[in-house]
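A.B. asks: I have a structure I would like to understand better, so I am pasting it below and will then ask my questions one at a time.
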Amino acid sequence: MTFTRRHAFALMSASAAAAACAMPGGDVPRLGTQTAPLKALAAAKGIRFGTAIAPQQLDDPKYVEIVLRDCAVIVADNAHKMYVIQPEPGELNFAPGDKLVAFAKANGLGMRGHTLLWQHSQWLPKWVNETQFASRAEAEALLGNYITRVASHDAGFIYSWDVVNETIDPETGGIRETSLTRAMGPEVIDFAFRTAHAAAPSATLAYNDYMSWEPSHETHRAGVLRLLERLRKNDVPIHALGIQSHSNDAPPSAFNATQQRLWRNFVDEVVGMGLDVYLTEFDVNDTQMAPGIAGRDREMAAYTRDYLDMMFNYPQTKDLLIWGMVDNQNWLQGFKPREDGIEKRPTLYDSQYRPKLMRDAVASALKSAPDRRA
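Position one of the sequence shown corresponds to residue 456 (the numbering used here), numbered consecutively onward.
Here you go:
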């Protein structure tokens, strides 16, 4: 029998369980007794490690402890989105985002911005969706003013922006229709990047989307490549592709040799255009997995290591951000819930703030990653 990484994690899980039973009361080892901080392991290879965070999570001292120990950068989960900053026409509400920026500055953290334009009618404010622009110039004035004000607000501190998020329709591979595209056509994407670059010239600019290795994502991947090719051809100031790295349509076990080959082909095309790669929203959806905690944790850790090993092998992969660090505070608890109703375990720490095998997998992948600092 071939000894695989999944067998290795099975042994790790058994060893961890035995160690836990040997401790008084069978307690799981607490925070700080495991590997070095993930941010240190990442920095040693020229990678930035961080997490998404919400303003209200700053009031949770245990969550903050994890963030400060493991993370070098943060990104707002929602506080920099248009539906938060400008839910109605008029003045912009920077207060939620400012709270996170102040936290980052006070603690020596870097910060990414997410997102200047979520080019999807479901996530644009109602008033934008209902606007009937009389001309292209009118749409450009509205969008240009908004992007300029938001991107310049913390220019020089926010080191990177997801300029446009999820504009590709996964069913057609084309750009989603919104009130903005009806007025400006597909060039709304070009315009957003050029405006962001003028407002925050030192920030790296990314297109961010959830296309993945999953079998159902072929059309989505092809559409993203067409968009990137057009932007590069038009000399649009785009520096990276943000690969969200959710896995919501297939279990981790589906990341087989065939899917890995197809995914590698996709990433090869991206880096071949001269773009960097940011892994912007990593977590693992266990909706389709058997309910046992030990089995889920082993499989999710093995997948995490396999996926990150592949992605870190590209020197263009510069960031890894987890979409929340603690299980019960992750968005997947309410997205595609399990039929058995049990709690999901999609992140690096369980709901008692204890490190899991997934954290070990991330640490191991960072230790094994090629150094890209040269």
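The C-beta atom is built at its ideal place from N, Cα and C for all residues, glycine as well.
This structure is a prediction, so every number in the text was calculated from the model and none was measured.
Alpha carbons only, please: which of Thr506, Asp761 and Asp624 is nearest the one belonging to Gly678?
C.D. replies: Asp624
A.B. asks: What number of angstroms, rounded off, separates the C-alpha of Trp578 from the C-alpha of Glu621?
C.D. replies: If you take the alpha carbons of Trp578 and Glu621, they lie about 10 Å apart.
A.B. asks: Using three-state DSSP, classify Met813 as helix, strand or coil.
C.D. replies: helix
A.B. asks: Would you mind reading off the limits of the beta strand (DSSP E) that contains Trp573?
C.D. replies: Gly565 to Trp573
A.B. asks: Here's the rule I'm using: 16 or more other beta-carbon atoms within 10 Å means buried, otherwise exposed. How should Lys799 be labelled?
C.D. replies: By the neighbour-count rule (16 or more Cβ atoms within 10 Å), Lys799 is buried.
A.B. asks: Among Ala757, Leu598, Thr506 and Ile693, which has the Cα closest to the Cα of Leu812?
C.D. replies: Ala757
A.B. asks: In three-state terms, what does DSSP make of Val691?
C.D. replies: Three-state result, Val691: coil.
A.B. asks: Does DSSP put Glu724 in a helix, in a strand, or in coil?
C.D. replies: helix
A.B. asks: If you check the beta carbons only, do Leu730 and Ile693 fall under 9 Å apart?
C.D. replies: Contact flag set, yes.
A.B. asks: In the DSSP assignment, the beta strand (DSSP E) including Asp773 goes from what residue to what residue?
C.D. replies: A small fix is needed here, since residue 773 is Lys in this sequence, not Asp. It spans Thr772 to Ile777 - the beta strand (DSSP E) in which Lys773 sits, taken as one unbroken run.
A.B. asks: Compare the C-alpha of Ala509 against each of Ile502, Tyr518 and Arg503 and name the closest.
C.D. replies: Tyr518
A.B. asks: In whole angstroms, what separates the C-alpha of Pro706 from that of Val817?
C.D. replies: 19 Å
A.B. asks: Quick one: what's got a C-beta closer than 8 Å to Ala527's C-beta in the same chain, skipping five residues either side?
C.D. replies: Lys494, Ala497, Ala498, Arg503, Phe504, Gly505, Leu564 and Gly565
A.B. asks: Report the start-end ranges of each beta strand (DSSP E) in the stretch 665-719 that is 3 residues or longer and not cut off at the edges.
C.D. replies: 695-698
A.B. asks: Quick one: what does DSSP say Ala507 is sitting in, helix, strand or coil?
C.D. replies: strand
A.B. asks: Would you call the CB atoms of Thr802 and Asp738 closer than 9 Å?
C.D. replies: yes
A.B. asks: So the beta strand (DSSP E) Tyr614 belongs to, where does it begin and stop?
C.D. replies: Ile613 to Asn620
A.B. asks: Let me make sure I understand the geometry here. Which of Ile644, Gln714 and Arg681 has the alpha-carbon closest to that of Ala594?
C.D. replies: Ile644
A.B. asks: Let me make sure I understand the geometry here. Which of Gly501, Arg814, Lys791 and Asn703 has the alpha-carbon closest to that of Ala824?
C.D. replies: When each option's Cα is compared against that of Ala824, the closest is Gly501.
A.B. asks: Determine the burial state of Lys536: buried for a count of at least 16 other Cβ atoms within 10 Å of its Cβ, exposed for fewer.
C.D. replies: buried
A.B. asks: What whole-angstrom Cβ distance do Ala531 and Leu555 have, given they're in contact under 8 Å?
C.D. replies: Sure, about 5 Å apart at Cβ, within 8 Å.
A.B. asks: What is the DSSP secondary structure of Tyr662, reduced to helix, strand or coil?
C.D. replies: In this structure, Tyr662 counts as strand in the three-state DSSP scheme.
A.B. asks: Rounding to the nearest angstrom, what Cα-Cα distance links Glu632 and Pro516 in this structure?
C.D. replies: 42 Å
A.B. asks: Under the rule that 16 or more other beta-carbon atoms within 10 Å means buried, what is Ala712, buried or exposed?
C.D. replies: With fewer than 16 Cβ atoms within 10 Å of its Cβ, Ala712 is classed as exposed.
A.B. asks: Shortest alpha-carbon distance to Ala833 belongs to which of Asp704, Ala647, Pro670 and Leu523?
C.D. replies: An answer regarding residue 833 cannot be provided, because it is not within the stretch 456 to 829 covered by the chain.
A.B. asks: Measure from the alpha carbon of Leu821 to the alpha carbon of each residue in Asn783, Asp761, Glu794 and Gln788, then state which is nearest.
C.D. replies: Asp761
A.B. asks: Which parts of the stretch 737-799 are runs of the alpha helix (DSSP H), unbroken and 4 residues or longer, counting only runs that do not cross its ends?
C.D. replies: 748-767
A.B. asks: Can you grab the Cα-Cα spacing for the pair Arg719 / Asp815, in whole Å?
C.D. replies: Computed Cα separation, rounded: 24 Å.
A.B. asks: Helix, strand or coil for Tyr804 per DSSP?
C.D. replies: DSSP places Tyr804 in strand when its eight states are reduced to three.
A.B. asks: Thinking Ile529 and Met780 are a contact (beta carbons under 8 Å), I'd like their distance in whole angstroms, please.
C.D. replies: Actually they do not touch by this definition, with Cβ atoms about 10 Å apart.
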